[in-house]
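K.L.:
If you scroll down you'll find the structure; I have some questions about it.
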Amino acid sequence: MTKTRRWWAAATAATVASAVMVVPPAAQAAEATTAGTTITTTARQLGSGKVTGFTETPTAEIPATPADSSAAELRDIARKRAFASKQDIGFDVAQAAREAQRDAPDSGAEGGDEGDYGILREVMRPPAVPENDFAKECETSAAAASDRVGYIKNRMQWCATYRVTAVDVAPNRGGFMAMTFVVVGYGRDDGVRDLHFFLRPMSVVFFGSLTATDSLSFGIDCYHDTPGCSESGDQRRPLGEWLAHAATGTWTPFVLASDANTDQPDKMLFHPFAIEYQFKTLLPDYVREDGTNEPLDYFVRCDSATYFGTRTAACIFHDVLPHLIYPVLNSDGSGSPVKEVAEHIRDAFADPNSTRPYRLDGDKRIPGNYDARTTTNYLQRVQYEGPEWQENSSEKDRACHGTWPYQETGIPPEERPLFDEQCDEFPFASTLQGAGARRLRGMPVDFSVRAVLAEDNEAAGRQLPPFYRDDRILYGENDWFWVQIVPQSDAGAANGPIVSVAPKAEGTEGQPIQLRATMRTEAAETDITWSVVGAAGNDPGASCSFDNPHSLEPKITCNDDGVYYATLTVDDRTHPPASGTTEVTVHNAPPKVSITSPTPWQVFRVGTPVQLTAPFTDAANDTHTCDVSWDDSTSTRSIPSARVCAQTHTFTSAGMYTIEVAVTDDDGGTGTATVMIVVYDPEGGFLTEGGHITSPVGAFPAGPDHTGKLIIQASVKYLPGASGPVPGNGRVAADLEGGEMRLQSTGIEWLVVSPTGKAAVKGVGTVGGQAGYGFLFYGEDDPDGLRLVVWRLGSSTIPNDQIVYDNRPSDYDLDRSGLTEMTSGSIQIHN
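For the sequence shown, the numbering used here begins at 63 and goes up steadily by one.
Printed below as a string of structure tokens:
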């Protein structure tokens, strides 16, 4: 059956000797290539899978970052990118006010130009490793997987998920590698100008020619080397180590730093960064955007502003618009702690001409509306109790009390604040667009004033300093923000469970694949259930199972390659169930083959049938063919039974034969195994030799620099009528000149004389008079060449890693073994 979706051939190289692969056209078009190599690489965001209800940042609205941009140009680009972002990290004033009511008014405050008001988070310092909750949030975030700017939880926390692949299109033996990974970033405001990043693999798959020893590096790169930006070095590890990190949850750290030596206001610098990778020794490349193929870069801003108390320097993630959220009602329908302030701002946005002070021309313009935001209607922070603040406060008072120039347009006496009320103004006194903006500063904006409950006004006012500090809102043109009015606070999980699942997962058939999910619920009990369906193109009989379908993060195992959709459903028995779906890509795994018969170095006489038995394992839903190459220019094919290849072959000439078994599944995955056997012919001829070679450097491990003569004499043959395999007559002797290696044979095990004029002898003997050594002698008489291998005997007499001498390390198969040309004497092969 032809399946165009299954272009891969095998997976997890650690279990197979080789794999065969057909490469799809799309893979051939991957961008990262190096001349002379057959490997192409690609790196993209992970992708959102079957996520619904998620709005991505439009790539077309994200301006490119040209090289050699000035500081001012980088600032303009950063502002345009932030405005295009669909990320929403609003500061909920009502929630902060409720927290303020529960805690001491100055809890956590660090001072600054507006005093110790509100509930401030602690100074932000990057952790040694990411917090587990945030890491889980990132792994299951649709924005991290698909949004052009990643997932920005707040100006201090960012993350994104990616997938890097490598495809080897070598004709003889291709290969494939895929790694999905998450990158988590932390800003800081503790007086240090740097950001810390952490990378962790989520899944690692490789097979064929791409193996566990092939290396892959990553780095957080100062994109275009913008002035003042520096990065820590790349981190390179073999695939096997990345795979281990996926299993253990190990993080790899990086640092991006910013130089404060700049003449910009507040020593502010913008830096784009990108994720750089390099597979093996190919050209380095960046993670790229799917549609444009441009590098995915992200903007950070660092400053050394002096008006944040002890927080004298900071670096933040900038690809987002900061804004305050004022809910009219709490999630339970009761009035929020800032209800009357929220209603005032809501009315000022919706119908500015109905609010005081009136404008006689009826063209009143109130800036700062997040829901109607433009690149010109933002708010900008000014110094607390500075000139603009003083102007705004005085102008607000004049409008509230109906004094000049607001005698007719300000608040009338009957609407002015009572004993339990205060006069609220919008925009805030702490903004450049405040009450004095039009009349005193000539700005084309207006303001609104209204009497509101004092407790509401004070609750709202206390949250401005935390917002300014925690979101690092700079003065004037260096920053901007908006205000959003919402009817009701987010109910969170009060209206039912909220689930989030990783958009995609990846692995190989027959192996457990980790699923990732998070859940928020206020219910005492919830029912958790995972289910799975396969895509339409999967093979009949393909199925998956969970190790625990009622666990939040189970492992799924599928019996065939293909695409599957695993759905998590959470039911709190009160509200409608919540669900999320992960797209699971399962790669074909090649069969794992072993050979139980014949055994390595087993000896057969010519004409004796050789029985091959090769059991294998593979995914349950695959079917197979078995091909055997007998190394004598013949091959045979069979259909295995009960996952065992069983074939018989008779060799007609002496030799050393490397038999290869190749088991191929119905998806093109091939696993192989080999075994070398010895076939002798007692009537095939004999060997005589006398002479020497120049022993090469490295041949004698006890003296690796030794290059003296190796003198050898050999005479081995089968006597007439002998059946073998032990020759009736034979002797091999060797003496390494000055090298303290003198071999004398004490027993010959077999002799092979091939029809091609080559011979091999195996036996045991003494070295320097000490028993316990094995040897192999190879010879060819046209041209005269030889190889001698001597080793200390182990549990068997076949060669091991205790080599005493080998003048030409190479394959032990007679036809593949290397030989050293003789400098005197000759070898005679008598057929």
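Backbone N, C-alpha and C define an ideal beta-carbon position, used for all residues, glycine too. These numbers were taken from a predicted model, which means no experiment stands behind them.
Taking C-beta to C-beta, are leucine 850 and alanine 796 nearer than 8 Å?
P.N.:
yes
K.L.:
Should the region 501 to 515 be called in touch with the region 551 to 560, which here means at least 3 C-beta pairs below 8 Å?
P.N.:
no
K.L.:
Determine whether the beta carbon atoms of glycine 572 and threonine 647 lie at a separation below 8 Å.
P.N.:
no
K.L.:
Can you round the beta-carbon distance between glutamate 722 and serine 691 to whole angstroms, since I take them to be within the 8 Å contact cut?
P.N.:
5 Å
K.L.:
Helix, strand or coil for serine 857? Go by DSSP, reduced to three states.
P.N.:
coil
K.L.:
Mapping DSSP to helix, strand and coil, what is glutamate 93?
P.N.:
In this prediction, glutamate 93 scores a pLDDT of 43, lower than 50, which makes its location untrustworthy; the coordinate-derived value is nonetheless stated afterwards. Note: glutamate 93 maps to coil in three-state DSSP.
K.L.:
Please report the Cβ distance between phenylalanine 142 and aspartate 209, rounded to the nearest whole angstrom; I am assuming they are in contact, meaning their Cβ atoms lie under 8 Å.
P.N.:
A small correction: the amino acid at residue 142 is lysine; phenylalanine does not occupy that position in the sequence shown. So it is not a contact: roughly 16 Å between Cβ atoms.
K.L.:
Round the Cβ separation of arginine 471 and arginine 418 to the nearest angstrom and send it over; I've been treating them as touching at under 8 Å.
P.N.:
For the record, residue 471 in the displayed sequence is threonine; it is not arginine. The C-beta distance from threonine 471 to arginine 418 rounds to 7 Å, short enough to meet the 8 Å contact threshold.
K.L.:
Tell me whether isoleucine 124 sits in a helix, a strand or coil according to DSSP, three-state version.
P.N.:
coil
K.L.:
Can you give me the start and stop residues for the beta strand (DSSP E) that tyrosine 440 sits inside?
P.N.:
For tyrosine 440, no beta strand (DSSP E) run applies, since DSSP gives it neither H nor E.
K.L.:
According to DSSP, is aspartate 863 part of a helix, a strand, or is it coil?
P.N.:
Three-state DSSP puts aspartate 863 in coil, outside helix and strand.
K.L.:
Could you tell me which residues DSSP pairs with aspartate 486 in its beta bridges?
P.N.:
Arg512
K.L.:
Assuming serine 320 is part of the beta strand (DSSP E), what are its boundary residues?
P.N.:
314 to 320
K.L.:
Beta-carbon separation of histidine 333 and valine 545 under 8 Å?
P.N.:
no
K.L.:
What first and last residue would you give for the alpha helix (DSSP H) that runs through tryptophan 451?
P.N.:
Taken as a continuous stretch (DSSP letters only), the alpha helix (DSSP H) holding tryptophan 451 covers 449 to 463.
K.L.:
Give every residue of the same chain whose Cβ lies closer than 7 Å to the Cβ of alanine 761, excluding the five residues on either side of it in the sequence, and list them in chain order.
P.N.:
Tyr867, Asp868, Asn869
K.L.:
By a C-beta neighbour count over all protein chains shown, 10 Å radius and 16 as the cutoff for buried, is threonine 438 buried or exposed?
P.N.:
exposed
K.L.:
Measure the Cβ-Cβ separation of proline 315 and histidine 258 and say whether it is below 8 Å.
P.N.:
yes
K.L.:
Would the region 380 to 396 count as touching the region 336 to 352 if we require 3 or more Cβ pairs under 8 Å?
P.N.:
no
K.L.:
Would you list the residues sitting across from asparagine 216 in a DSSP beta bridge?
P.N.:
The secondary-structure analysis by DSSP pairs asparagine 216 across a beta bridge with Gln219.
K.L.:
Note down the Cα distance separating phenylalanine 481 from glycine 424, rounded to an integer number of angstroms.
P.N.:
32 Å
K.L.:
Can you find at least 3 beta carbon pairs, one from the region 436 to 453 and one from the region 529 to 546, that sit closer than 8 Å?
P.N.:
Taking 8 Å as the limit for Cβ pairs, the verdict is that the region 529 to 546 does touch the region 436 to 453.
K.L.:
Could you give the first and the last residue of the continuous beta strand (DSSP E) run that contains tyrosine 627?
P.N.:
Its beta strand (DSSP E) spans residues 624 to 633.
K.L.:
Hey, tryptophan 812 and tyrosine 835 are a contact pair by Cβ (cut 8 Å); roughly how many whole angstroms apart?
P.N.:
Rounded, the Cβ-Cβ distance is 17 Å, inconsistent with contact.
K.L.:
Determine the closest residue to aspartate 508 out of Glu477, Pro467, Arg421, with distance taken between C-alpha atoms.
P.N.:
Arg421
K.L.:
What do you reckon, are the CB atoms on proline 660 and isoleucine 739 nearer than 8 Å?
P.N.:
yes
K.L.:
For proline 489 versus proline 429, is the C-beta spacing smaller than 8 Å?
P.N.:
yes
K.L.:
Assuming contact is defined by CB atoms lying nearer than 8 Å, are phenylalanine 269 and phenylalanine 238 in contact in what I supplied?
P.N.:
Phenylalanine 238 sits close to phenylalanine 269, with the two beta carbons spaced by under 8 Å.
K.L.:
Based on Cα-Cα distance, which residue from Thr202, Leu848, Thr698, Ala521 lies nearest to threonine 223?
P.N.:
The option with the nearest alpha carbon to threonine 223 is Thr202.
K.L.:
Leaving out five residues on either side along the sequence, give the residues of the same chain with a beta carbon under 7 Å from the beta carbon of alanine 516.
P.N.:
Asp482, Glu483, Gln484
K.L.:
I need the boundaries of the beta strand (DSSP E) containing glutamate 568, first residue and last residue.
P.N.:
Element bounds for glutamate 568: 566 to 570.
K.L.:
Helix, strand or coil for proline 527 per DSSP?
P.N.:
helix
K.L.:
Do aspartate 518 and the ligand FAD come close, with the Cβ less than 7 Å from some heavy atom?
P.N.:
Absent from the structure shown: the ligand FAD. Ligands present: none.
K.L.:
How about alanine 833 and threonine 859: are their beta carbons less than 8 Å apart?
P.N.:
no
K.L.:
Mark tryptophan 220 as exposed unless 16 or more other C-beta atoms lie within 10 angstroms of its C-beta, in which case mark it buried.
P.N.:
buried
K.L.:
What residues in its chain sit with their C-beta under 6 Å from that of lysine 933, if we drop five residues either side in the sequence?
P.N.:
With the chain covering 63 to 893 only, the question about residue 933 has no answer from this structure.
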